[in-house]
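Visitor:
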Amino acid sequence: MEQESLPSSKKELKEFILETVREANGGSIPFLSDEEQAELEGLHGDSLDEPRNLEDYEPL
Numbered sequence: 783m784e785q786e787s788l789p790s791s792k793k794e795l796k797e798f799i800l801e802t803v804r805e806a807n808g809g810s811i812p813f814l815s816d817e818e819q820a821e822l823e824g825l826h827g828d829s830l831d832e833p834r835n836l837e838d839y840e841p842l
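If you want this note's numbering, it's the 1-based position in the sequence shown plus 782.
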């Protein structure tokens, strides 16, 4: 079984995610407006960075 190396930077990770989504959706990429993206990031934080509200998370 062939294994690809994992992305080593945010840019590579974003490209990997977009490529994976394209393949899964038959070449189309879902689109969010800037307002929708800002709202999601406000609720969940930027998925590529640490969560914004660490006090909301229980320690492991």
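Backbone N, C-alpha and C fix where the C-beta goes; we use that ideal spot for every residue, glycine too.
For G808, which three-state DSSP category applies?
Guide: coil
Visitor: Could you give the distance in angstroms between the alpha-carbon of A820 and the alpha-carbon of G808?
Guide: Whole-angstrom Cα-Cα distance: 26 Å.
Visitor: Rounded to whole angstroms, what is the Cα-Cα separation between K792 and I799?
Guide: 10 Å
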